[in-house]
Amino acid sequence: MKKILHFFGQPSAFFGVLLLVLAVGAALSANWLFPGDPLDMVAAPYQWPGATSGFPLGTDLMGRDLLAGLFHGARVSLYVGGSVAVIALVLGILIGGIAGYFGGLIDQLLMAITEFFQTVPPFLLAIILVAILTPSLTTIVFALGVTAWPSIARLTRGEFIVLREREFVSASVAIGASDAHLIFIEILPNAMTPILVSTALLVANAILSEAALSFLGLGDPNVVSWGSMVGTGREALRTAWYMIAVPGSAIALTVLGLNLLSDALHTAFNPRLRRKRGAGVAPDVQAVRL
Amino acid sequence: MLQMTSGIVGRIAGRIAGRRVRRRLIQLVLVLLGTTVLNFVLLKLMPGDLVDVIASESGNVSPQYVAELREAYGLNHSVAWQLLHYVGHALRLDLGFSFRFGEPVATLIFERLPATLVLTGTALVISVLLGVLLGVLAARRPHGFVDTLLSTLATLGYSAPMFWTALMLIVVFGVHLEWLPIGGIVDTNIAHHGFGLLLDRLRHLVLPAATLVLYYVAVFARLSRASMIETLQEDFIRTARAKGGRPWYVVTHHALRHAVLPVLTMLGLQSSALLGGSIIVETVFGWPGLGQLSFEAIKSRDVNLLVGVLLLSAVLVVVLNLVVDLLYGLIDPRTRHRQ
Amino acid sequence: MTSKRPKPLPPSTSTLLFRDDPLGATVADLKRRRLLKGAGALLAGAATPFMFTGEAWALTEPLPITLEGAKRGGTLTAVIHPEPPTLAFFVNSATMIGAVASKIFDGLVEYGPDLRPRPQLAESWTVSPDSLTWTFKLRQNATWHDGQPFTAADVKFSAEEVWLKISPASRRVLQFLTKIDTPDAHTVVLHLSKSTPATFGILDSLGTPILPKHLYENTDIRNNPYNNKPVGTGPFVFKEWLRGDRIVLDRNDKYWAPGQPYLDRLTWKITPDVSGRATALETGAAQYGERNPVTFADADRLATLPNLVVSREGYNGYAAWFWLEPNLRDPILAKLEVRQAIAHAINRDVLVKTVWGGYAVPATGPESSLVKAFYTPDTQQYPYDPKLAETLLDKAGFPKQADGWRFKLNHDFIPYGDDYRRTGEFVRQALRRVGIDVTLRGQDLPTWIKNVFTDYNFQLISSWGTDGLDPQIGIEQHYWSKAEAKGTPWFNASGYTSPEMDHVIEAAQTETDPAKRRDLYFQLQKIAQRDLSLINLFEFRWFGVWAKNLRNVTDTASHSRANFARVWFDKA
């Protein structure tokens, strides 16, 4: 209890969670506040925020409501962010954990695969995968998940390498615990803290990557995403820059919230991390973006 | 060019004669080979091919025309055949021909490479220097006013999507204030010479580089701040202070060398992102670099060109990591003898 | 400067070639010409060759075409996007490649705003009475940019190696070209085995490319290094190409027309960002942008500026239209009522206004109203009527299910850019309103081409094409069952097979009586609109933007094919 209060006492945690609550709230209330399709053309195009009643954030160049787009876009961003994080965590923990635990040939093989993924620019790889599979939310989640797991794998592997030498592991081995038991019940819970910290970053990067893909026109054309809103508004740069400013700010604020949260988590867990220093792990693990 | 590079690397490697370096070079070759094969197969999985693109652009073709083009470009063979054909050429350091652009792949890549390197190189150098400086400043008094201010700004710069930062910079500086050009690499209307040309190129470099800097500065500032804070709590720093060293001297001479290590690691990690991040910035600013070329190559299924670009990217990553390793060894003697 | 008129042709051939004139004269003129057979009266000027059938939108008048007071000087900076991947215009006939190449290479003729041929490398030409022998007298003083003289040998070489073997359009049209003779160094004779009226529409630099024999003979023409540093006979010489940045052309000081070209230099600035193009034109950094260089909103804005012209003139030779193509192999779309419902569900007036900024007009059929010689409005129309659409869908056996949707439909819009994407979105919303659960599939171009033309893996796509100067060139391939060719883009992909339509098309291919031929094409339009194998939505109205003081830009059938020899800056 004290820890939770301590955690929220930090300004970064407070603001981070606040921003996230706003984003999640927007996503959850989208269908209720703005029923219908945000892609519908409902008013005259090129309306500035506040120019027409009923459209506080204005309309885009096809006459679509920007506020509705903002709320529905929150759903898309959070869905993609969450799903990508899940995929990256599952793949990364599995691969990194197995590599770190067993070592030897398995480790080298898995690390070679990881290195391949790290030599291809991740964003370029995502574009190629989406092109192969035709853009839709599902394929985007797949493509981004596949490009995001290497950093989690490396992180997990590093933790496992250190942890497997610990006494509690040898103790378990002595009483005859199986490999699976050791990996999932003994070591993994202790390795989770840096992984948890990275999760917020994973979600943030996924949101940014999805926005970038949509901006380039590689997003799902059946939904409104913040990135696609910026992409559409790019044409009106000179005269109606609010079309870019509004959705872009939404992305920046949501990602800011996630980053602040990640910072707060990192600080909260820091004392434990400091005691576990070793193997040259960078103190601030940042998932590689773009 | 590729021959030259491998020759130089070989000579340097021989001179350093570290077992680690030699092993790294073998790793390099294996990685390159593996990457080439995997990339080639992956790219061939994309539906449609170059002939589809050319035939579609021509607007008025016949089935014979399509068949002839496929034959001329070797696209009517199996993927396995094409792969062997490609690897065979690549081993002779021949990266093949881009039928889309009508030029050898190597020529195209090295034509566009300088533009990307100038952009990302400038941005990275500024980001590292500025970032480390800011990080050190913030670390002197954690949670103080300066620290909170810098940290917040840094996190904001790190959170905003790059394409949005780019567009907002264009709106403010290019459209409304009209201080800087909104795109391109050089002015076409007026032919500048000498110093004027340099100035013109610098003017065009400002906004694209600024976009990258706003993001990377945050990365390095946060990293060096955290690393610095941790280092400053180490025992050897307390010893140095106890010995009566001036605070600033302690910071720069003792702490900085160690705090900078994660920054180097990050540089290595980010090297593959160099090319990916440049896609967005180059597309928004119309910067004629490798990122834009890659995107165009994906859209037109120019597999030869793409595999060439990915190969180059792999080389850059491995070389950069090698350099980082060596620098690590120079800076931190403890790591020099580690496996 | 007046160009030399071709010798007046014997009446019989003129009726075939000119009176039939698929090259779009006004309706009034057409009637007159029927009476004045063979009088060879060419239209004086381009006197409103098209009619404003749609909304009024922001356009400005360019300065009149004249060479009076023409002065040398000036660099013309043009914005272009996308960047030409190569300058081998004879392999890849994409528009932006031709836009650049047409300034470097001359052809036998060029086409004026009245869509009639004017001499270029061919000073004059005659056609035999049976129209199987075409004789061209070539210019004596034309040279290649490297100094070598231009001779008939170059034409013969190009005809044999390029027109018949490589260049896509000429291969189709000149399929009956059997022999090329060169009785002397400046005369070329083409021998055809079957008369092809459409031939006279492709004799310009891009339709029948003429390459230098001394640089291309015995080489791999497709991969010749000169493809990207071309040597032509045109008014501008290739200087340099900085990829991703610009293409620079300098004046050809030895051009065959005395005093021309007037421009010192022509720089093509590659500007991928659409706002960048608008800014460049607005600030004067660029003085020319061809074929919809900026967004429609920007066009309206630029038209109000005193130093710019936004105009649709100079594009008569580029009539094009946009349609939705159903896959008739799909059981749902095979039903005529479903297609009719789709047609009724889309409000084309709103579509052309919101998505295309008024720079398009609703179509009545596949033939563009700009091609007066073959157009008829007397076809079945499908006005916007969502209630009727819903009734039709009910009748077709697709009532609304419990979830409110009748059936699922994939719509693969043509991935040619934002405007096309937005049209796709518009169609999606329109069809969803009548209960069709439309899912958009946004593929990139190669995927789309493969899905549509190789695998026929689609339900409803959107597409567009040029009408061509003759329906045989641009329209036939979408309705003729024999045009279906798996793996070849832009041919009949819907699977439409109608013996009635085939009969009409094949009869028109060989019909020599112009009036009968015209009637056959009228019938094509009627059948097309009745059977709805293509749901024709709108006709394009392309526009260009250029500096007000730039003269003679519109003195052509299509900017993208003109050589700009007579373009000059009127600094007065």
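Residue numbers (my numbering), protein chains in the order written: chain A, 11 to 300; chain B, 86 to 424; chain C, 4 to 575. Even for Gly, the Cβ is constructed at its ideal location relative to N, Cα and C. Remember, predicted model here, so these are calculated numbers, not experimental data.
| Asked | Found |
| --- | --- |
| CB contact flag (H582(C), L111(C), <8 Å) | Only positions 4 to 575 of chain C appear in the structure, and residue 582(C) is not among them; the question remains open. |
| Supposed close pair I478(C), W271(C) - CB separation, criterion 8 Å | Going by Cβ atoms, the distance from I478(C) to W271(C) rounds to 32 Å, so no, they are not a contact pair. |
| T450(C) at chain A interface by Cβ criterion, 8 Å | yes |
| Separation of T236(C) from T154(C), as counted between CA atoms | 11 Å |
| Simplified DSSP assignment, three categories, for T442(C) | strand |
| C-alpha distance - Y114(C) paired with A97(C), whole-angstrom precision | 19 Å |
| 8 Å CB neighbourhood of G101(C) in its chain, flanking five on each side removed | F92, L209, S563 and R564 |
| C-beta atoms of A157(B) and R225(C) nearer than 8 Å | yes |
| Interface positions of the region 232-250 of chain A facing chain C (Cβ-Cβ less than 8 Å), listed along the chain | N232, T242, R244, E245, A246, L247, R248 and T249 |
| Segment contact flag, the region 158-175 of chain A with the region 460-477 of chain C, C-beta cutoff 8 Å, min 3 pairs | no |
| Contact set for V191(C): own chain, Cβ-Cβ below 7 Å, skip 5 residues either direction | F139, L141, A155, V158, K159, I183 and T185 |
| Chain B contacts made by the region 242-260 of chain C, where a contact means CB separation under 7 Å | R246, G247, D248 and R249 |
| Whole-Å CB distance - E285(C) paired with L305(C), under 8 Å assumed | 6 Å |
| Straight-line Cα distance separating V441(C) from A346(C) | 15 Å |
| Helix, strand or coil at L193(C) [DSSP, three-state] | strand |
| Where K242(C) sits in the DSSP three-state scheme | strand |
| Proximity below 8 Å, CB of W249(B) to CB of G79(A) | no |
| Own chain, CB closer than 7 Å to T166(A), minus 5 neighbours either side, in chain order | G102, I103, G106, G107, G110, A201 and I205 |
| Within-8 Å CB hit, A141(A) to chain B | yes |
| I194(B) vs G374(B) beta-carbon contact at 8 Å | no |
| Span separating the alpha-carbon of R280(C) from that of V297(C) | 6 Å |
| Close beta carbons around Y252(A), own chain, < 7 Å, minus the five adjacent residues each side | W58, P59 and G68 |
| Ranges of the beta strand (DSSP E) found wholly within the region 509-575 of chain C, counting only runs of at least 3 | 538-543 and 547-550 |
| Cβ distance (whole Å) where I270(B) is taken to contact A325(B) below 8 Å | In fact, because the Cβ distance is near 48 Å, the residues do not count as touching under 8 Å. |
| Pick from N350(C), H414(C) and A376(C) that is closest to K519(C), judged by C-alpha positions | A376(C) |
| Selection from V234(C), A145(C), T367(C) and W324(C) that minimises the alpha carbon distance to P386(C) | T367(C) |
| Closer than 7 Å: F541(C) CB and nearest the ligand FMN heavy atom | Within the structure as shown, the ligand FMN is missing, as the structure has no ligands at all. |
| Helix, strand or coil at N406(B) [DSSP, three-state] | helix |
| Contact under 8 Å by Cβ, A53(A) with G83(A) | no |
| Contact with chain C by T157(A), beta-carbon distance below 8 Å | no |
| Straight-line gap, E175(A) to I197(A) (C-alpha atoms, nearest Å) | 10 Å |
| Range covered by the alpha helix (DSSP H) that runs through F127(A) | G114 to T129 |
| Any 3 or more C-beta pairs closer than 8 Å across the region 549-556 of chain C and the region 505-514 of chain C | no |
| Contact with chain C by M72(A), beta-carbon distance below 8 Å | yes |
| Contact set between T124(A) and chain C, taken where Cβ atoms lie within less than 7 Å | Simply none; closest approach about 29 Å. |
| Residue from A145(C), R436(C), V103(C) and V455(C) whose Cα sits closest to the Cα of P261(C) | A145(C) |
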